[in-house]
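Numbering (my numbering), first residue to last: 3 to 978.
Written as structure tokens, this is what we have:
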């Protein structure tokens with residue numbers, strides 16, 4: 003006994019081996035060493051080796067230390083060099099006893115009930131204490147006391163730790179005592195190995211597991227004598243616990259051999275042994291060497307002889323469609339029956355439904371299928387560039403390797419019938435240069451290949467080359483025009499886009515044209531003539547104005563003699579209404595609101611409407627649904643808002659106000675007004691019927707039931723509708739998921755128009771409206787603080803709607819009060835990314851929530867981005883980092899003044915921020931995919947990736963230097 007630490011009782015106990023379920027290879031076992039272990043103790047009066055024997059006279063080597071009466075203990079014990087034998091992960095089993103500090107005599111200097119274990123990897127036997135790495139602090143489950151010493155009953159602890167990955171030839175173990183009373187009874191170091199195995203006529207060699215605890219090492223087996231792989235070489239996986247798992251494939255006996263007792267043996271000539279034919283095949287005669295497939299079953303040449311005969315698959319299942327303007331996303335499930343094969347592929351047949359029931363016409367070559375039309379291995383496809391407002395029929399066919407062989411087989415299709423929506427026109431493909439002068443350029447262009455409606459106007463965007471941050475936009479109703487006011491001898495960039503009632507299409511690609519360096523004689527004469535005519539017109543106009551003013555003073559202003567259209571333009575606060583161009587007109591500009599209702603909404607006779615059931619209640623009365631039967635038109639289901647009895651004239655005006663707004667809109671993603679009933683009671687507003695109700699309720703009912711592409715399709719529809727409203731000059735002010743309606747085809751439509759907002763100083767800081775309280779959590783900061791409602795504030799609200807959709811209707815900011823929401827947003831906090839939200843969508847949300855409204859994207863930019871994501875589903879696979887979801891709120895992007903709470907930007911965002919976004923693809927292709935890599939770039943690197951203009955190189959290098967300074971000062975990831 004030393005300091006009350008008794009080892010003798012351990013000699014009387016026989017240590018038992020643990021039962022192993024795999025091959026255990028011992029690298030060190032202190033109990034099996036016959037002589038001294040020879041381990042090194044430092045200092046020499048610390049750990050002490052005690053040699054004993056057990057009841058069978060086998061040696062027991064015990065190291066013990068118990069210097070608890072002294073302060074500041076630091077006793078080390080080093081093992082000999084342990085060879086790993088190629089193992090990448092080893093296990094260390096420690097058996098020890100430890101005394102309870104409370105049972106030691108009084109006056110103890112220091113006492114611990116733990117000790118530390120370290121290791122040091124090396125390819126030779128050199129020991130360097132400073133390089134030891136800590137494995138763990140070892141504590142005892144059972145400690146003994148002075149009473150245990152009297153009863154001579156010891157409590158043995160067993161602890162096992164794993165060590166890896168190891169990469170050197172060997173390692174040392176070291177044990178550190180900082181003042182415990184402990185005896186190290188045995189140390190065993192071992193690794194596990196998957197043993198040699200013969201399975202399924204294949205042999206698998208001894209295999210050492212991988213370095214990670216969860217890693218499976220794949221091992222290819224070798225077919226034993228007279229056998230061959232069935233389809234592919236057999237494989238097994240060796241786990242970290244030394245067990246064989248996940249068998250794949252197998253071997254079968256070669257022709258002329260049969261399996262007996264786990265081996266392939268030759269068949270006896272005198273008594274041949276026949277095997278059974280594979281499934282769905284038969285032998286035509288006794289002793290046949292091959293089998294024939296049954297009727298309706300087939301095999302191809304590459305199928306192994308022992309493979310079952312197969313047949314074509316059944317039709318795809320659960321086919322659904324999601325329509326976005328002139329694109330359709332199709333999804334389906336694999337067939338119920340695959341025919342017994344794994345090579346199932348899918349083909350799409352697209353047909354356009356001809357009008358008046360004249361049949362079907364195959365889709366033309368302009369229709370695009372992404373990724374392709376035939377031979378699809380995945381169960382979805384995007385069909386783009388269809389015609390707007392057109393009925394299409396899609397046949398989805400499943401085929402496999404034997405489909406072509408089944409001549410009498412009736413192909414199994416699933417049919418989807420869809421109707422495309424109204425859509426913006428396709429881009430203008432070619433812009434040509436005509437007349438060129440010193441300060442002007444004539445342009446002409448062709449109508450878009452797919453106008454998708456009547457072209458109302460064209461928009462021409464131009465700017466001086468390398469000055470794309472400052473551009474000019476002019477409009478034309480023709481396909482040609484002369485752009486004037488340009489600089490001589492200068493290169494300009496021109497882009498053209500078309501607009502229909504559905505909104506603007508995308509801009510054409512950039513076209514470069516240069517003005518002339520001089521004026522021709524003809525041009526000089528023309529310019530002089532223009533100047534002369536302009537001066538003459540100015541003098542005439544001045545005389546007319548003077549005469550008008552004099553006549554006005556003499557006769558007075560007569561409103562009755564004004565042209566009615568001029569009067570209306572006066573009421574419209576300067577809105578100029580060109581023929582064919584729709585601009586939103588505020589009903590408040592009418593002296594009589596009833597005039598606005600009848601101008602924009604169709605009066606419907608109440609006899610054409612049947613109310614079948616009540617579906618809800620509104621502020622003014624009940625909301626019902628039923629059929630609308632207009633003469634000469636097919637019957638349709640509609641929603642019917644009614645005005646309850648006993649209303650005042652002001653309530654009637656407020657009720658019909660929304661109809662006078664809604665009637666001005668015509669877009670597939672805006673709720674459609676069918677008409678109003680004002681000449682009988684009850685007064686009604688008739689709109690299209692949306693089967694799935696409000697978006698927030700619909701998402702909550704179907705939590706987790708939609709694919710990401712379907713959710714993005716919904717968001718794209720909402721953004722398209724908001725783009726249309728923005729182009730018309732209408733600000734919604736209350737964009738939220740509760741105000742989006744969903745029909746049976748999952749098309750989302752914006753609703754709830756015409757509510758006025760007045761900021762109240764109430765505790766909840768909400769807007770009071772005719773419809774009640776509107777929560778702050780959807781409203782942009784400038785709209786709350788300064789009543790600045792613009793399309794940019796609608797973009798902020800759209801970002802909240804995106805968050806609602808991706809979180810399946812969760813309440814924004816959860817249970818925070820409106821006051822807390824205002825404070826949090828003011829302090830630059832933003833909602834975290836929803837669970838399983840694609841990173842690209844969350845970045846768009848954060849862009850919508852920029853503090854500076856001019857930095858938020860426009861709705862046409864949002865639609866363009868969502869279209870790109872839908873066309874490239876792989877861009878939606880990267881999800882928001884889990885650390886973003888853990889925090890309650892996230893900090894927004896840095897402001898232009900250098901907000902230190904910035905989020906880390908991508909290379910593309912950084913280039914956009916310095917107006918160099920055109921080089922994003924060049925940077926990524928050059929391997930510079932992160933800002934950390936960009937900070938290492940030099941001018942030579944810029945030239946290598948394709949930045950050749952000296953001014954652009956200087957601008958980018960200056961920004962890189964600023965990033966380096968920021969990184970060095972903050973010692974953090976690069977924030978912009």
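The C-beta atom is built at its ideal place from N, Cα and C for all residues, glycine as well.
* If you draw a straight line from the C-alpha of residue 49 to the C-alpha of residue 91, how long is it? -> 28 Å
* **Residue range of the unbroken alpha helix (DSSP H) whose run includes residue 595** => 595-602
* Return helix, strand or coil for residue 669, following the three-state DSSP convention. => coil
* Asked: Helix, strand or coil for residue 735 per DSSP?
  -> coil
* Asked: Where does residue 473 sit, in a helix, a strand or coil, going by DSSP?
  -> coil
* Please state whether DSSP places residue 422 in a helix, a strand or coil. => coil
* To do: With a 10 Å radius around its C-beta and 16 neighbouring C-beta atoms as the bar for buried, classify residue 958 as buried or exposed.
  => buried
* To do: Report yes if the C-beta distance between residue 429 and residue 450 is below 8 Å; otherwise report no.
  => yes
* Asked: When you compare only the Cα positions, how much space is there between residue 296 and residue 244?
  -> 46 Å
* Quick one: what's got a C-beta closer than 7 Å to residue 603's C-beta in the same chain, skipping five residues either side? -> 661, 662, 665, 675, 677, 678
* **residue 783 and residue 828 closer than 8 Å at C-beta** => yes
* To do: Check whether the Cβ of residue 940 lies closer than 7 Å to any heavy atom of the ligand COA, and answer yes or no.
  => Within the structure as shown, the ligand COA is missing, as the structure has no ligands at all.
* Asked: What are the boundary residues of the beta strand (DSSP E) that includes residue 394?
  -> 393-401
* To do: Kindly confirm or deny that the segment 862-877 and the segment 829-847 touch, where touching means at least three C-beta pairs closer than 8 Å.
  => yes
* Asked: Thinking just about the alpha-carbon of each residue, which of 323, 100, 601, 168 is nearest to the one in residue 746?
  -> 323
* Starting from the Cα of residue 279, find the closest Cα among 146, 268, 266, 306 and give me that residue. => 306
* Closest Cα partner of residue 494 within the set 502, 226, 464, 482 -> 464
* Pairing CB atoms from the segment 716-735 with CB atoms from the segment 853-864, are three or more of them under 8 Å? -> yes
* To do: Would you identify the three-state DSSP class for residue 206, choosing helix, strand or coil?
  => strand
* Label residue 763 either buried or exposed according to how many other C-beta atoms from any shown protein chain fall within 10 Å of its C-beta, with 16 as the threshold for buried. => Caution applies to residue 763, whose pLDDT of 34 falls short of 50 and renders its modelled position unreliable; the model cannot decide the point.
* To do: With distances taken Cα to Cα, identify the nearest neighbour of residue 24 among 96, 629, 196, 68.
  => 196
* Touch check for the segment 180-191 and the segment 61-75: three-plus C-beta pairs under 8 Å? -> yes
* Asked: Is the Cβ-Cβ distance between residue 176 and residue 80 less than 8 Å?
  -> yes
* **From 46, 36, 45, 47, residue whose alpha carbon lies closest to that of residue 55** => 36
* Asked: Is residue 704 buried or exposed, if buried means 16 or more other CB atoms sit within 10 Å of its CB?
  -> exposed
* What residue range is occupied by the uninterrupted alpha helix (DSSP H) comprising residue 803? -> 793-808
* Asked: Taking contact to mean at least 3 C-beta pairs separated by less than 8 Å, is the segment 345-353 in contact with the segment 428-448?
  -> no
* Would you report the Cα separation of residue 846 and residue 801, rounded to the nearest angstrom? -> 8 Å
* Backbone CA spacing between residue 254 and residue 260 [nearest angstrom] -> 9 Å
* Could you check if residue 98 is buried or exposed, using at least 16 other CB atoms within 10 Å of its CB as the buried criterion? => buried
* Asked: Quick one, which of 595, 511, 311 has its alpha-carbon nearest residue 298's?
  -> 311
* Asked: Taking the Cβ atom as the reference point for each residue, do residue 160 and residue 87 lie within a distance shorter than 8 Å?
  -> no
* Could you name the residues that DSSP lists as bridge partners for residue 117? => 140
* **residue 224 burial status per 10 Å Cβ neighbour count (16 or more: buried)** => exposed
* **Alpha-carbon to alpha-carbon, residue 316 and residue 611** => 45 Å
* Where residue 284 and residue 336 are concerned, what is the direct C-alpha to C-alpha distance, given to the nearest angstrom? -> 29 Å
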